[in-house]
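Note that the protein sequences, when read in sequence, are chains A and B. Take 0 as the starting number for the first sequence in numbering that gives the first Met the number 0 and just add one per residue. Take 0 as the starting number for the second sequence in numbering that gives the first Met the number 0 and just add one per residue. Where a beta carbon is used, it is the ideal one built from N, C-alpha and C, also for glycine.
Number of protein chains: 2
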Amino acid sequence: MNMQEQEDWDSIVLKGHEYYLPHLSVDCVVLGFHHNQLKVLLLKPKQKKNWALPGGFVKKDETLEDAAYRTLLERTGLSDTYLQQFHIFSNPNRTKHYRNDEEFESIGIKMPEENWLRKRFLTVGFYALVEFSKVVPMPNVLSDQCEWWDIDGIGELILDHNEILETAQKSIRLQLKYKPIGFNLLPTKFTLSELQKLYETLLGKKLDRGNFNRKMLSYGFLIQLEEKKSGVRHRAPYLYSFDIEQYNLALNEGLNGGI
Amino acid sequence: MNMQEQEDWDSIVLKGHEYYLPHLSVDCVVLGFHHNQLKVLLLKPKQKKNWALPGGFVKKDETLEDAAYRTLLERTGLSDTYLQQFHIFSNPNRTKHYRNDEEFESIGIKMPEENWLRKRFLTVGFYALVEFSKVVPMPNVLSDQCEWWDIDGIGELILDHNEILETAQKSIRLQLKYKPIGFNLLPTKFTLSELQKLYETLLGKKLDRGNFNRKMLSYGFLIQLEEKKSGVRHRAPYLYSFDIEQYNLALNEGLNGGI
DNA sequence: ACAAAAGTGTTCCCCCTACACCCATGC
DNA sequence: GCATGGGTGTAGGGGGAACACTTTTGT
Numbered sequence: 000m001n002m003q004e005q006e007d008w009d010s011i012v013l014k015g016h017e018y019y020l021p022h023l024s025v026d027c028v029v030l031g032f033h034h035n036q037l038k039v040l041l042l043k044p045k046q047k048k049n050w051a052l053p054g055g056f057v058k059k060d061e062t063l064e065d066a067a068y069r070t071l072l073e074r075t076g077l078s079d080t081y082l083q084q085f086h087i088f089s090n091p092n093r094t095k096h097y098r099n100d101e102e103f104e105s106i107g108i109k110m111p112e113e114n115w116l117r118k119r120f121l122t123v124g125f126y127a128l129v130e131f132s133k134v135v136p137m138p139n140v141l142s143d144q145c146e147w148w149d150i151d152g153i154g155e156l157i158l159d160h161n162e163i164l165e166t167a168q169k170s171i172r173l174q175l176k177y178k179p180i181g182f183n184l185l186p187t188k189f190t191l192s193e194l195q196k197l198y199e200t201l202l203g204k205k206l207d208r209g210n211f212n213r214k215m216l217s218y219g220f221l222i223q224l225e226e227k228k229s230g231v232r233h234r235a236p237y238l239y240s241f242d243i244e245q246y247n248l249a250l251n252e253g254l255n256g257g258i
Numbered sequence: 000m001n002m003q004e005q006e007d008w009d010s011i012v013l014k015g016h017e018y019y020l021p022h023l024s025v026d027c028v029v030l031g032f033h034h035n036q037l038k039v040l041l042l043k044p045k046q047k048k049n050w051a052l053p054g055g056f057v058k059k060d061e062t063l064e065d066a067a068y069r070t071l072l073e074r075t076g077l078s079d080t081y082l083q084q085f086h087i088f089s090n091p092n093r094t095k096h097y098r099n100d101e102e103f104e105s106i107g108i109k110m111p112e113e114n115w116l117r118k119r120f121l122t123v124g125f126y127a128l129v130e131f132s133k134v135v136p137m138p139n140v141l142s143d144q145c146e147w148w149d150i151d152g153i154g155e156l157i158l159d160h161n162e163i164l165e166t167a168q169k170s171i172r173l174q175l176k177y178k179p180i181g182f183n184l185l186p187t188k189f190t191l192s193e194l195q196k197l198y199e200t201l202l203g204k205k206l207d208r209g210n211f212n213r214k215m216l217s218y219g220f221l222i223q224l225e226e227k228k229s230g231v232r233h234r235a236p237y238l239y240s241f242d243i244e245q246y247n248l249a250l251n252e253g254l255n256g257g258i
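Next comes the structure, spelled out in structure tokens:
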């Protein structure tokens with residue numbers, strides 16, 4: 000740990016209560032899509048055995064959304080991402096015993112008995128859907144690694160982060176039914192079968208190709224471009240891009256009905 | 000204001016920070032259904048011009064859900080209600096200037112400059128669907144009235160409570176599409192057309208009687224009883240009750256499809 | 001008898017489902 | 001040619017939308 004990091008750590012521990020709200024944090028479930036796999040961005044906190052969702056504290060004069068955006072920008076380099084709060088987790092014991100003396104002594108900090116970080120924390124869960132290739136994962140001062148993980152290959156995370164992740168996935172599947180948010184996970188140009196793979200991954204089930212294509216095109220917010228790169232050993236599929244104006248129009252009309 | 004109330008108020012103002020979490024509250028959108036009208040429970044805070052959603056603070060060792068249940072129990076006398084968090088409102092200025100000296104002087108309290116109630120507050124919105132007739136609206140120490148209002152006849156509420164109410168309605172409409180939560184608003188015995196009126200009110204549009212009946216019955220969680228009271232001057236409609244076991248079964252199977 | 005609303009039936013049609021069939025491309 | 005996946009066609013069925021007809025009750 001270099002001088003700067005030590006200072007940052009000291010600052011958060013000893014002075015954080017001056018500029019952050021107490022008892023409150025945000026955690027972000029950052030999802031990407033790569034090689035037909037759903038990925039989630041995780042941090043490896045120093046001195047902890049398990050990995051963690053990227054998160055942060057809330058400044059005294061910012062909204063939760065701003066705090067989440069800030070966290071996301073710092074971890075991924077991305078602004079303008081699709082970000083959505085989905086639940087607040089408030090189990091009184093969720094952070095009990097998480098901050099312990101050994102952890103801090105090992106990095107040269109004597110944490111006061113009454114430090115703000117030892118208190119109970121509630122956390123607001125956000126999910127972010129980002130374009131995998133644009134992300135440059137960056138660890139923060141409290142962690143030594145920041146990496147994409149296959150969402151199915153994740154072991155035990157710190158605290159209740161497994162629960163937060165699962166809740167996020169449920170919310171996303173629900174949203175997907177009436178709002179095609181999946182586009183945020185794809186590059187600007189994509190094929191229909193890439194889109195289909197994404198939907199299949201998010202929903203956890205196979206879909207019919209023909210029906211899927213027709214349905215997506217019927218929404219009217221996909222723009223067909225020219226042919227795909229010759230790198231595939233079968234018929235070249237069309238590339239599509241996403242027409243955000245038509246998309247917003249379609250959203251207001253409502254994509255699904257039902258009582 | 001009697002002695003007890005004065006004490007309670009004093010206690011909240013001067014000692015609240017000892018047993019409540021700072022900066023955080025819950026607000027409940029309590030909905031009922033009566034005379035084919037959707038009703039919402041509102042409080043009239045003393046010394047304020049506008050009405051308010053019932054709300055409360057969060058004890059240092061309870062979950063947000065517990066805090067909301069507690070609020071609900073105190074205001075309505077109901078436990079076992081359908082309660083759902085739907086959003087957390089975090090505008091840094093949402094409570095600015097809400098607590099002012101005049102307010103407190105008028106009830107005989109000199110509020111310290113640095114009192115916890117003057118700080119920024121975030122609030123977690125919950126909605127509750129309750130059986131109108133079972134509710135006994137009860138004001139709290141901070142308010143002099145607690146009443147049902149027609150949801151369409153509400154003027155300006157305090158703070159951002161109009162926004163909270165609107166957000167709640169959107170969430171409920173969305174939920175209703177894939178989860179028939181409306182039953183929580185009806186008495187144990189009800190007719191199909193009462194149910195239909197409720198749906199029409201919640202969704203804000205007319206529905207076809209025949210199609211509605213068939214759809215609801217097709218779910219399989221309605222139990223047909225015997226005839227209705229003779230108090231109607233037309234054919235007596237069947238009464239139905241709600242089979243919670245079949246309901247849970249149906250929910251797991253999924254009521255709606257879509258990609 | 002009449003009004004009003006409940007219960008039930010019927011038709012049309014859209015859209016989802018499922019397959020099937022041909023097309024383009026790299027090896 | 002052949003394997004592979006892309007694009008498109010189509011027959012069938014389920015169910016929603018709209019409407020009609022009959023039934024029951026109180027006045």
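For the stretch 54-86 of chain A, the set of positions with a beta-carbon nearer than 8 Å to some beta-carbon of chain B reads Val57, Lys59, Asp60, Glu61, Thr62, Leu63, Glu64, Gln84, His86 in chain order.
At a Cβ-Cβ threshold of 7 Å, A/Leu40 and A/Val29 count as neighbours.
Counted as a single uninterrupted DSSP element, the beta strand (DSSP E) harbouring B/His86 occupies residues 81-88. A/Asn139 is the residue among A/Asn139, A/Ala127, A/Leu82 whose C-alpha sits nearest the C-alpha of A/Arg74. Judged by DSSP in its simplified three-state form, B/Val29 adopts strand.
Looking at the DSSP output, A/Phe125 sits in a beta bridge with A/Cys27, A/Gln84. Contacts with chain B at 7 Å (Cβ-Cβ) include A/Val123. Listed along chain A, the residues sitting closer than 9 Å to B/Arg119 by beta-carbon distance are Leu20, Lys59, Asp60. B/Ala66 is not a Cβ neighbour of B/Val12, given a cutoff of 7 Å. B/Phe211 and A/Thr80 have their alpha carbons spaced roughly 40 Å apart. Within the stretch 167-212 of chain A, the complete alpha helix (DSSP H) segments of 4 residues or longer fall at 191-202, listed in chain order. The alpha-carbon of A/Pro21 is positioned some 20 Å away from that of B/Gly124. Below 8 Å, enough C-beta pairs join the stretch 158-167 of chain A and the stretch 81-98 of chain A to call them touching: three or more. Closest in C-alpha terms to A/Arg93, from the list B/Asn92, B/Leu82, B/Glu61, comes B/Glu61. In its chain, beyond the 5 residues on either side, Leu30, Gly31, Phe32, Phe131, Trp147, Trp148, Asp149, Ile150 have a beta carbon closer than 8 Å to the beta carbon of A/Lys38. Straight through space, the alpha carbons of A/Phe56 and B/Leu164 are spaced by roughly 28 Å. Separation of the CB atoms of A/Glu199 and A/Leu191 is rounded to 12 Å, and the pair is thereby denied contact status at 8 Å. Secondary structure of A/Ile11 (DSSP, three-state): helix.
The beta carbon of A/Ser24 sits no closer than 7 Å to any beta carbon of chain B. Taking all protein chains in view, the Cβ of B/Thr70 is crowded by 16 or more other Cβ atoms within 10 Å, so the residue is classified as buried.
A direct Cα-to-Cα measurement between B/Trp115 and B/Phe85 gives close to 26 Å. Counting other Cβ atoms within 10 Å of its Cβ, B/Ser89 reaches 16 or more and is therefore classed as buried.
The DSSP-derived three-state label of B/Leu42 is strand. When the Cα atoms are used, B/Pro179 and B/Leu197 turn out to be separated by approximately 11 Å. Distance check between A/Leu77 and each of A/Leu201, A/Ala249, A/Asn183, A/Arg234 places A/Asn183 closest, using alpha-carbon atoms only. The criterion of a C-beta distance shorter than 7 Å is not satisfied by A/Gln46 and A/Glu104.
Secondary structure of B/Ile163 (DSSP, three-state): helix.
Of the other Cβ atoms in all chains shown, fewer than 16 fall within 10 Å of the Cβ of B/Ser229; this residue is therefore exposed. Contact check between the stretch 164-174 of chain B and the stretch 216-224 of chain B: fewer than three CB pairs, one atom from each, fall below 8 Å, which does not count as touching. In the DSSP assignment, A/Glu146 forms a beta bridge with A/Leu41. Neighbourhood of B/Ser217 in chain A, by CB distance below 8 Å: empty, with the nearest CB roughly 11 Å away.
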